[in-house]
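Number of protein chains: 2
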Amino acid sequence: MNLILFDRDETERPLPRHDPRARHILNVLRRTPGQTFDVGLVNGPKGKAELVAFTDDVLTLRFTWQDSVPTQERITLIVGLPRPQTARDILRDASTLGASALHFVRTDRGESSYAQSTLWSSGEWARHVRTGVEQAFETHLPEVTHGRSLADVIASLPSDSARIALDNYESPVRLGECQLLVDNVVLAIGSERGWSPAERARLRASGFRFAHLGPRVLRTETACIAALTLVRAQLGLL
Amino acid sequence: MNLILFDRDETERPLPRHDPRARHILNVLRRTPGQTFDVGLVNGPKGKAELVAFTDDVLTLRFTWQDSVPTQERITLIVGLPRPQTARDILRDASTLGASALHFVRTDRGESSYAQSTLWSSGEWARHVRTGVEQAFETHLPEVTHGRSLADVIASLPSDSARIALDNYESPVRLGECQLLVDNVVLAIGSERGWSPAERARLRASGFRFAHLGPRVLRTETACIAALTLVRAQLGLL
């Protein structure tokens, strides 16, 4: 963790000693009373926290927040529901790379049982998102959905967005050469077995352009990082 | 494995049943005698193999090779020796993304004990490289070294290479806007704690330009993927 995230209500009471953040502050950062460390308010400003005191039960922290709230880019990533281990990596890395929304969708060629993973039902997914945002030294958590249909997610997209679907088979252009004329971007990446003809038709009809990531075949998690990287570079961010 | 790699001498004798590739052919690809699958000759052509027959001990395969050998880009990645789990990911993903050489170097701020990991002493590292190349559906294995000094690796670089060092603190330009005038590229990424002043001076004196990957702080493995992605995009490959 480069920065430790807190929800607003958590800043108004002592931090339980068993909270992983408390252990991180004492055992990894090795802070002692009077010392400070970097914090962020979820979807709010960054700041500093001072470790005022600690007991066997709780840490008392004092927060000081910056005046300004970081801006967030508008980059939506749609991914065909992957196997849980792949989803964990994407949740973390796409959050680090500044995705503002992550939709893990059911697709025609995807494995629908992946939606039943405890990753989703236990709420574990939220931990990977926070880890990714803390790594980035940022505060905005992306919106995350899973198990919705591709059609449903497409219908809910902002109308002013630039839309690109990755497809190794039907794409005339490299993603690296796709011009983006607006800074609100939607990237769609299929499941391991790719898009069905019906999905390709739906994406096209919904304003998606198709692009590819070159002849080398990437793992889905690597493709997500590569695609977000190229979009951020196009937006002048990286 | 999208394609299964074989060394030349391995193609001239039956494949032992206990070889992981044999188990993959029978249990994952579920090939039966007469069926084929995609293969590659290490640093050579791609082709097809037919499962001719199998016993409890061996698989008999018949190989057919394409006439041409895939070309390989010349992209060298220098990374400050990372913790072993990070190195595993970089070995695999940088191989998938077409790095032709990977040098894990000792740096002033790196943890020198990482060089003693069994990842390196057991030869395990080679497995991750092959996995990455097989994922890419390619045949060229990158050259890999570990534990050499940064100075030593710099001295061995091809003289005609474009050289870029990533540095979040001293870089005036984004990697995404770095023009590459030759297709022989060297990327240097520091250890977790970054470059020392002496290393910065050495890199500069050796013709490295400095570039950054934007304000969001990336894990080393994510930075490697992002940097290789941007270089490949600049080379018109992705």
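Top to bottom, those sequences are chains V and S.
Residue 66 in my numbering sits at position 66 of the first sequence, with consecutive numbering throughout.
Residue 1163 in my numbering sits at position 163 of the second sequence, with consecutive numbering throughout.
Here a beta-carbon is modelled for each residue, glycine too, at the ideal position from N, C-alpha and C.
Computed from a predicted structure; not experimentally measured.
Unbroken alpha helix (DSSP H) run spanning Val1052(S), endpoints = Position 52 of the second sequence holds residue 1052(S). Not the alpha helix (DSSP H): Val1052(S) falls in the beta strand (DSSP E), residues 1046 to 1054.
Span of the alpha helix (DSSP H), counted from its first residue to its last, around Leu1230(S) | As a position in the second sequence, residue 1230(S) is number 230, starting the count at 1. Counting along the chain, the alpha helix (DSSP H) containing Leu1230(S) begins and ends at 1220 to 1234.
Going by CA-CA distance only, name the one from Glu1111(S), Ile1075(S), Leu1218(S), Thr1011(S) that's closest to Pro1084(S).
-> As a working note, residue 1084(S) is residue 84 in the second sequence. The option with the nearest alpha carbon to Pro1084(S) is Glu1111(S).
Per-residue burial, Gln1234(S) [other beta carbons within 10 Å of its own, 16 or more giving buried] | Taking the first residue of the second sequence as position 1, residue 1234(S) is located at position 234. Counting other Cβ atoms within 10 Å of its Cβ, Gln1234(S) reaches 16 or more and is therefore classed as buried.
Quick check: the segment 150 to 168 of chain V against the segment 210 to 225 of chain V, are there 3 or more CB pairs under 8 Å?
-> Verdict: yes, contact present.
Give a yes or no on whether the minimum CB-CB distance between Ala1151(S) and chain V is below 9 Å.
-> Your numbering for residue 1151(S) matches position 151 in the second sequence. Interface with chain V (9 Å Cβ-Cβ cutoff): Ala1151(S) is excluded.
Using a Cβ cut-off of 9 Å, pull out every chain S residue sitting near Ala136(V), in sequence order please.
-> On the first sequence, position 136 is the one that residue 136(V) refers to. Taking a Cβ-Cβ threshold of 9 Å, the residues of chain S close to Ala136(V) are Pro1215, Arg1216, Val1217, Leu1218, in chain order.
Flag this pair as yes or no: are the beta carbons of Lys46(V) and Gln66(V) separated by less than 9 Å?
-> Counting from 1 along the first sequence, the entry for residue 46(V) is found at position 46. Counting from 1 along the first sequence, the entry for residue 66(V) is found at position 66. In contact: Lys46(V) and Gln66(V) (Cβ atoms closer than 9 Å).
Quick one, which of Leu1157(S), Thr1055(S), Asp1056(S), Ser1122(S) has its alpha-carbon nearest His1103(S)'s?
-> As a first step, residue 1103(S) must be located in the second sequence, where it is residue number 103. When only C-alpha atoms are compared, the closest one is Leu1157(S).
Of all the residues that make up the segment 100 to 119 of chain V, which are near chain S by a beta-carbon distance shorter than 8 Å?
-> Hits within the stretch: zero.
Cβ of Asp1093(S) within 9 Å of any chain V Cβ = In the second sequence, the residue the question calls residue 1093(S) occupies position 93. With 9 Å as the cut-off, Asp1093(S) counts as an interface residue toward chain V.
Please say whether Trp1125(S) and Leu1147(S) have beta carbons closer to each other than 9 Å?
-> The residue you call residue 1147(S) lines up with position 147 of the second sequence. The residue you call residue 1125(S) lines up with position 125 of the second sequence. It is Gly, not Leu, that sits at residue 1147(S) in the sequence shown. For Gly1147(S) and Trp1125(S), no; Cβs fall outside 9 Å.
Unbroken beta strand (DSSP E) run spanning Trp65(V), endpoints | Translated into positions along the first sequence, residue 65(V) becomes position 65. Here the beta strand (DSSP E) through Trp65(V) covers 58 to 65.
What does DSSP give as the partner residues of Leu41(V) in its beta bridges?
-> For the purposes of this step, residue 41(V) is taken as the residue at position 41 of the first sequence. Its beta-bridge partners are Phe6(V).
Hey, would you say Leu1077(S) sits closer than 9 Å to Ile1189(S), going by beta carbons?
-> Your numbering for residue 1077(S) matches position 77 in the second sequence. Your numbering for residue 1189(S) matches position 189 in the second sequence. Cβ atoms of Leu1077(S) and Ile1189(S): closer than 9 Å.
What do you reckon, are the CB atoms on Ile90(V) and Leu59(V) nearer than 9 Å?
-> Here residue 90(V) refers to the residue found at position 90 of the first sequence. Here residue 59(V) refers to the residue found at position 59 of the first sequence. Using a Cβ distance threshold of 9 Å, Ile90(V) and Leu59(V) do not count as a contacting pair.
In chain order, what residues of the same chain have a beta carbon less than 6 Å from the beta carbon of Phe1208(S), not counting five sequence neighbours either side?
-> The residue given as residue 1208(S) occupies position 208 in the second sequence. So the qualifying residues of the chain are Arg1163, Ala1165.
What does Leu1102(S) pair with, by DSSP beta-bridge criteria?
-> Mapped onto the second sequence, residue 1102(S) falls at position 102. DSSP, once it has assigned bridges, lists Leu1077(S), Val1144(S) as partnering Leu1102(S).
Based on Cα-Cα distance, which residue from Cys1178(S), Gln1035(S), Gly1040(S), Leu1041(S) lies nearest to Phe989(S)?
-> Nothing about residue 989(S) can be read from this structure; chain S reaches only from 1001 to 1238.
Partner residues on chain V for Arg1062(S), Cβ-Cβ distance less than 9 Å | The sequence position of residue 1062(S) within the second sequence is 62, counting from 1. Within chain V, no residue comes near Arg1062(S); the closest Cβ sits about 25 Å away, beyond 9 Å.
Is the segment 200 to 216 of chain V in contact with the segment 171 to 179 of chain V, if contact means three or more CB pairs nearer than 8 Å?
-> Yes: the two stretches touch, three or more of their Cβ pairs being nearer than 8 Å.
Along the beta strand (DSSP E) that carries Ala115(V), what are the first and last residues, could you check?
-> Residue 115(V) sits at position 115 when you count from the first residue of the first sequence. Careful: Ala115(V) lies outside any beta strand (DSSP E) and carries neither H nor E.
Residue closest to Asn1184(S), alpha-carbon to alpha-carbon, out of Arg1127(S), Leu1228(S), Leu1150(S) | Within the second sequence, numbered from 1, the residue matching residue 1184(S) stands at position 184. Among Arg1127(S), Leu1228(S), Leu1150(S), the Cα nearest to that of Asn1184(S) is on Leu1228(S).
Since Ala87(V) meets chain S, which of its residues come closer than 8 Å, beta carbon to beta carbon?
-> To locate residue 87(V), count along the first sequence from 1; it is residue 87. Those within 8 Å of Ala87(V) in chain S number zero; the least Cβ separation is about 16 Å.
Within-9 Å CB hit, Arg1176(S) to chain V = Counted from its first residue, the second sequence places residue 1176(S) at position 176. Residue 1176(S) is actually Gly in this sequence, not Arg. At least one C-beta of chain V is nearer than 9 Å to the C-beta of Gly1176(S).
Could you tell me whether the Cβ of Ala1188(S) comes closer than 9 Å to any Cβ of chain V?
-> Here residue 1188(S) refers to the residue found at position 188 when the second sequence is read from its first residue. With 9 Å as the cut-off, Ala1188(S) does not count as an interface residue toward chain V.
Do Leu1003(S) and Gly1044(S) come within 9 Å of each other at the CB atom, strictly closer than that value?
-> Numbered from its first residue, the second sequence carries residue 1044(S) at position 44. Numbered from its first residue, the second sequence carries residue 1003(S) at position 3. No, Cβ-Cβ distance for Gly1044(S) and Leu1003(S) is not below 9 Å.
DSSP three-state assignment for Leu91(V), whether helix, strand or coil = For this step, residue 91(V) is matched to residue 91 along the first sequence. In this structure, Leu91(V) counts as helix in the three-state DSSP scheme.
Gln179(V) burial status per 10 Å Cβ neighbour count (16 or more: buried) | Mapped onto the first sequence, residue 179(V) falls at position 179. That one is exposed.
Can you find a CB in chain V that lies within less than 9 Å of the CB of Gln1179(S)?
-> Counting from one through the second sequence, the residue named residue 1179(S) turns up at place 179. No, Gln1179(S) lies away from the interface with chain V (no Cβ there is under 9 Å from its Cβ).
With Ala1049(S) and Arg1030(S) assumed to form a contact (beta carbons below 8 Å), what rounded beta-carbon distance in angstroms separates them?
-> As a first step, residue 1049(S) is located in the second sequence; it is residue number 49 there, counting from the start. As a first step, residue 1030(S) is located in the second sequence; it is residue number 30 there, counting from the start. Cβ atoms of Ala1049(S) and Arg1030(S) stay farther apart than 8 Å, at about 15 Å.
Cβ of Gly194(V) within 9 Å of any chain S Cβ = The count along the first sequence starts at 1 and reaches residue 194(V) at position 194. Gly194(V) does not count as touching chain S.
Specify the secondary structure class of Val186(V) as computed by DSSP and reduced to three states.
-> Translated into the one-based positions of the first sequence, residue 186(V) becomes position 186. DSSP places Val186(V) within a strand segment (E or B) once states are collapsed to three.
Give me the Cα-Cα distance between Thr1068(S) and Trp1195(S), rounded to the nearest whole angstrom.
-> Along the second sequence, one-based indexing puts residue 1068(S) at 68. Along the second sequence, one-based indexing puts residue 1195(S) at 195. Rather than Thr, the amino acid found at residue 1068(S) in this sequence is Ser. C-alpha separation (whole angstroms): 42 Å.
How far does the beta strand (DSSP E) with Arg254(V) in it reach, from first residue to last?
-> Outside the displayed span of chain V (1 to 238) sits residue 254(V), for which this structure offers no information.
Val217(V) by DSSP, collapsed to three states: which one?
-> The sequence position of residue 217(V) within the first sequence is 217, counting from 1. Note: Val217(V) maps to coil in three-state DSSP.
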